[in-house]
Amino acid sequence: MRTIISFFFAMLVALLISQSVVSEENQHPDVFDIEYPAVFRHVANEAESAVAPAARSCTNHICHRLCRALYYRTGRCISSTVCRCTR
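The sequence shown lines up with residues -23 to -1, 1 to 64 when you count with mature numbering (1 follows the signal peptide of the UniProt record, and there is no 0).
See below:
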């Protein structure tokens, strides 16, 4: 019984220590909006003609990949020009 309590206490301490470590992900706000025309105008101008229309408007796939690259859990378009990243 004493071993089980010691093990449980050690696991609790390890959990508390791991949660207190500051990571890059913890420094971001919970919600982050990216306005596509402002951010991606340069990318759209440099892209091939087939890619340019997609880069000028928000698509859920591109939004999600961008948010993942910024260490957010998910990204969804909330309009044709705004991508919302959330943790």
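We put the CB at the ideal spot given by N, CA and C, even for glycine. Computed from a prediction, not measured in an experiment: that's the story for all the values here.
Its Cα nearest to that of Tyr49, the residue Pro6 stands out among Cys35, Pro6 and Ile39. Contact between Glu12 and Thr58 holds: their C-beta atoms lie close to 6 Å from each other, under 8 Å. Here the alpha carbons of Arg(-22) and Cys60 stand approximately 53 Å from one another. In the three-state scheme derived from DSSP, where H, G and I count as helix and E and B as strand, Thr(-21) is classed as helix. Per DSSP, reduced to three states, the secondary structure at Arg53 is strand.
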